[in-house]
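Colleague: One structure, pasted below without further comment.
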């Protein structure tokens, strides 16, 4: 028996507690039972997003939540600044193009991030820009963008900052109100330890004020209409009931650990993974500002990274991820977010050593484990 | 103990077999495992939709599937014919308005349907119309529209027929190809016996040809892009993995029964419910063309139908539904679709007798049961 282990950067494993909660009988969404569930979930989401604003759950994937944030605040012909350095950043570009907006493209090479100074200069030169679109954690390259600094830079402008936090919510600290981020959106299948299918959008007053002038057409994702229902603990359309039931349990688990501890755990797992990978002589792809959600690693010289994924899967029944687009074959990505703990990292590194040896690479067996354990042995 | 029974017109109960399938570990969506799952599900969906066209699954509710069908085939300024007689018909009207289309409104009073002749006259007078938008089963009133006749009428025109089959797929026969329906869309939470969160759209060649001229902006719901992935058994964005896993099991259960038998079962349950309700002296709301998905009943003179729902819930732990919008307080709706069988109808009717008696109405105890049983005793 090789136990199945899902160690990709999302979707992430779902704890049995959540799976069993979700296996309870479906309840109807216009009943006192659902209302009571939704009251709990609404309050819990505000705590997770660290905001006093309402967090609106939507039946969609993370990209749907991106689109909801986008179409409710913008109009065709608007100028937006896309701050990007990876595939999910590209997605903002594609969306802006699809909806007929003018894009100022502020890109960094994959594996790097865009310094806040560049955004500051861009906004100064383009005061008519309506929004800055970016990611917090860029899953495709393993980079964490400094959205705190982006928010500080954006604050003095008419533009709003829209942050895709799909792979950072419940993983890296992102105090929406304290940092002054105007829109935070996320999805269910990463830090929240749920199946994919639920998106979330939270907007502050500055962002809500943009909805009054936004002319992009919308119906399913009309957040102004959605909010009317949510604020009375109701839903506009049939919600993804079972995932909402699971969400209450996931919030309970996260809060039992403590949100600050959850962030610390992810930081430790990420540091241990990076230390382990480097101990094997491999190069990290995101050097300066790695995300705690995943670790992107450059494949050894002459090894196609797709072969590494294949060996993880075939020899060890572990799913990791490769590079996307131009990075295909060049990097592999180890997820350590959501329902992930120390010995998951140990397993991922142990498998990596075996995989590399199988592929004919020189390996100091146990070397990555030792490096990771030193991180885990730290008292802090 | 009062067993919880969900007897509303959607979401419907999810069989334990499906719940347990969904409680299996989440798999990643870019793996051979998911591809094998998706191959099964793709083929099964074609059989359920009775089409050779690809059925595209989307992470959204039924309304999202309506929007996907809409924004991929139409352009702002287009004229569309909305054939409506209930709240879900109104939704097409709202969507067309939100997207800046011209609407020719062909409405029937709630509880009735629009005769195909009216649609024929409308299309003759408006040959520039681009689409006819309607429901197959109108859940808000309990009416089944004659979409077979609508398709026959639409066939000779440039317009495509877009049918919302959210509460008829796997419930009432709807052979998409044989009837020549251009677009059929549905959702997971009714006849398919799944949790809400998965929508579906199938389009024939005539409908796909419209996507080439459609200028409504779209990104998340871009079906042209989505199809490129689906035809190679891949997905564009993270899918609602757990519901897709459940879908394979639901398809297996439906096909074990046989699709034709599933339709017969729903027809029997509906006829039995109607017979039972009428035996109690109550009036059916949809007389001429009732849907087999649910039965809408006019509340007795002087009784607010909301009191009937409340009594079902409080005294018997059964969720049914009331009227929506202008029908609130006037009708109640008993669902008998999806994972519903003979003794569920008996329970619903038995509870109805007890509820009516509690509300001071004269009741011939057992009268509705007798009427229903006569239907069930029929050998056909």
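Residue numbers (our numbering), protein chains in the order written: chain A, 1 to 380; chain B, 1 to 380.
Virtual Cβ for every residue (Gly too), placed ideally from N, Cα, C.
1. Pull out every residue of the segment 195 to 213 of chain A whose Cβ sits closer than 8 Å to any Cβ of chain B, in chain order.
2. Roughly how many whole angstroms lie between the Cα atoms of residue 333 of chain B and residue 347 of chain B?
3. Counting only Cβ pairs nearer than 7 Å, list the residues of chain A close to residue 38 of chain B.
4. According to DSSP, is residue 45 of chain A helix, strand or coil?
5. Report back the beta-carbon spacing between residue 368 of chain A and residue 353 of chain A to the nearest angstrom; my notes put them in contact at under 8 Å.
6. Kindly confirm or deny that the segment 14 to 23 of chain B and the segment 189 to 205 of chain B touch, where touching means at least three C-beta pairs closer than 8 Å.
7. Quick one: which chain A residues come within Cβ less than 7 Å of residue 61 of chain B?
8. So what does DSSP say about residue 301 of chain B, is it helix, strand or coil?
9. Around the Cβ of residue 189 of chain A, are there at least 16 other Cβ atoms within 10 angstroms (buried) or fewer (exposed)?
10. Note the first and the last residue of the continuous alpha helix (DSSP H) segment covering residue 254 of chain A.
11. Between the segment 91 to 125 of chain A and chain D, which residues of the former have a C-beta closer than 8 Å to a C-beta of the latter?
12. Show which residues of chain A have a CB atom less than 7 Å away from the CB atom of residue 218 of chain B.
13. If you compare alpha carbons, which of A/243, A/320 and A/48 is closest to residue 297 of chain A?
14. Taking CB distances under 8 Å as the criterion, tell me whether residue 251 of chain B reaches chain A.
15. For residue 160 of chain B, go through chain A and note every residue whose CB falls closer than 7 Å to its CB, in chain order.
16. Can you tell which of A/266, A/100 and A/279 has the C-alpha that lies nearest to the C-alpha of residue 335 of chain A?
17. Measure how close the beta-carbons of residue 233 of chain B and residue 38 of chain B come, nearest whole angstrom, since I'm counting them as under 8 Å.
18. Going by beta-carbon coordinates alone, are residue 223 of chain A and residue 72 of chain A separated by less than 8 Å?
19. Hey, how far is the Cα of residue 36 of chain B from the Cα of residue 248 of chain B?
20. Grab the span of the alpha helix (DSSP H) containing residue 118 of chain B for me, first residue to last.
21. Is the beta carbon of residue 144 of chain B sitting closer than 8 Å to the one on residue 136 of chain B?
22. Can you check whether the C-beta of residue 360 of chain A is within less than 8 Å of a C-beta belonging to chain B?
23. Just how far apart, CA to CA, sit residue 167 of chain B and residue 186 of chain B?
24. Does the CB of residue 316 of chain A have a neighbour CB from chain B at under 8 Å?
25. Starting from the beta carbon of residue 4 of chain A, find every residue of chain B whose beta carbon is closer than 7 Å, and list them in chain order.
26. Could one say the Cβ of residue 256 of chain A lies closer than 8 Å to chain B's Cβ atoms, at least one of them?
27. Taking buried to mean at least 16 other C-beta atoms within 10 Å of its own C-beta, is residue 283 of chain B buried or exposed?
28. Taking 8 Å as the cut-off, decide whether the C-beta atoms of residue 126 of chain A and residue 79 of chain A are in contact.
29. Measuring alpha carbon to alpha carbon, tell me which residue in B/328, B/149 and B/40 is nearest residue 178 of chain B.
30. Nearest CA to the CA of residue 77 of chain B: which residue from A/273, A/258 and A/217?
31. In whole angstroms, what is the alpha-carbon distance linking residue 290 of chain B and residue 64 of chain A?
32. Pick helix, strand or coil for residue 203 of chain B, following the three-state DSSP scheme.
Modeller: So, from the data block:
1. 195, 196, 197 and 198
2. Locating residue 333 of chain B in the second chain gives position 333, counting from the first residue. Locating residue 347 of chain B in the second chain gives position 347, counting from the first residue. Roughly 15 Å between the two C-alpha positions.
3. As a position in the second chain, residue 38 of chain B is number 38, starting the count at 1. Under the 7 Å cutoff, chain A gives no residues; its nearest Cβ is about 14 Å from residue 38 of chain B.
4. If you number the first chain from 1, residue 45 of chain A lands on position 45. Three-state result, residue 45 of chain A: helix.
5. Sequence index remark: in the first chain, residue 368 of chain A carries index 368 (1-based). Sequence index remark: in the first chain, residue 353 of chain A carries index 353 (1-based). Yes, residue 368 of chain A and residue 353 of chain A are in contact; Cβ-Cβ is about 6 Å, under 8 Å.
6. yes
7. Translated into the one-based positions of the second chain, residue 61 of chain B becomes position 61. Result: 59, 237 and 238.
8. Indexing the second chain from 1 puts residue 301 of chain B at position 301. Reduced to three states, the DSSP call for residue 301 of chain B is coil.
9. Residue numbering aside, residue 189 of chain A sits at position 189 when the first chain is read from its first letter. With 16 or more other Cβ atoms within 10 Å, it is buried.
10. The residue you call residue 254 of chain A lines up with position 254 of the first chain. Element bounds for residue 254 of chain A: 241 to 257.
11. Here the protein chains are A and B, and chain D is not one of them.
12. The sequence position of residue 218 of chain B within the second chain is 218, counting from 1. Under the 7 Å cutoff, chain A gives 98.
13. Sequence index remark: in the first chain, residue 297 of chain A carries index 297 (1-based). That would be A/320, whose Cα lies nearest to the Cα of residue 297 of chain A.
14. Taking the second chain and counting its residues from 1, the one referred to as residue 251 of chain B is at position 251. Judged by the 8 Å Cβ criterion, residue 251 of chain B is not in contact with chain A.
15. For the purposes of this step, residue 160 of chain B is identified with residue 160 of the second chain, where counting begins at 1. Going along chain A, no residue has its Cβ under 7 Å from residue 160 of chain B, so there is no contact; the nearest lies around 19 Å.
16. Mapped onto the first chain, residue 335 of chain A falls at position 335. Per the Cα distances, A/266.
17. Indexing the second chain from 1 puts residue 233 of chain B at position 233. Indexing the second chain from 1 puts residue 38 of chain B at position 38. Contact flag correct, Cβ pair sits at about 5 Å.
18. As a working note, residue 223 of chain A is residue 223 in the first chain. As a working note, residue 72 of chain A is residue 72 in the first chain. A contact, by the Cβ cut-off of 8 Å.
19. To locate residue 36 of chain B, count along the second chain from 1; it is residue 36. To locate residue 248 of chain B, count along the second chain from 1; it is residue 248. Each residue's alpha carbon lies about 11 Å from the other.
20. As a first step, residue 118 of chain B must be located in the second chain, where it is residue number 118. Looking at the DSSP string, the run of the alpha helix (DSSP H) that includes residue 118 of chain B is 116 to 125.
21. Taking the second chain and counting its residues from 1, the one referred to as residue 144 of chain B is at position 144. Taking the second chain and counting its residues from 1, the one referred to as residue 136 of chain B is at position 136. Cβ atoms of residue 144 of chain B and residue 136 of chain B: closer than 8 Å.
22. Indexing the first chain from 1 puts residue 360 of chain A at position 360. Cβ-Cβ to chain B under 8 Å: no for residue 360 of chain A.
23. Position 167 of the second chain, counting from 1, holds the residue named residue 167 of chain B. Position 186 of the second chain, counting from 1, holds the residue named residue 186 of chain B. One C-alpha to the other measures close to 7 Å.
24. Stepping through the first chain from its first residue, residue 316 of chain A is reached at position 316. No - not a single Cβ of chain B is within 8 Å of the one on residue 316 of chain A.
25. As a first step, residue 4 of chain A is located in the first chain; it is residue number 4 there, counting from the start. Within 7 Å Cβ-Cβ: 25.
26. Here residue 256 of chain A refers to the residue found at position 256 when the first chain is read from its first residue. No, no contact with chain B.
27. Position 283 of the second chain, counted from the start, is the residue given in the question as residue 283 of chain B. By the 10 Å Cβ count, residue 283 of chain B comes out exposed.
28. Along the first chain, read from residue 1 onward, the residue named residue 126 of chain A stands at position 126. Along the first chain, read from residue 1 onward, the residue named residue 79 of chain A stands at position 79. Their beta carbons are under 8 Å apart, which means residue 126 of chain A touches residue 79 of chain A by this criterion.
29. For the purposes of this step, residue 178 of chain B is identified with residue 178 of the second chain, where counting begins at 1. Selected option, being the one with the closest Cα: B/149.
30. Within the second chain, numbered from 1, the residue matching residue 77 of chain B stands at position 77. Comparing Cα-Cα distances from residue 77 of chain B to each of A/273, A/258 and A/217, the minimum goes to A/217.
31. Looking up residue 290 of chain B in the second chain gives position 290. Looking up residue 64 of chain A in the first chain gives position 64. Each residue's Cα considered, the two are about 36 Å apart.
32. By one-based count along the second chain, residue 203 of chain B stands at place 203. Correct three-state label for residue 203 of chain B: strand.
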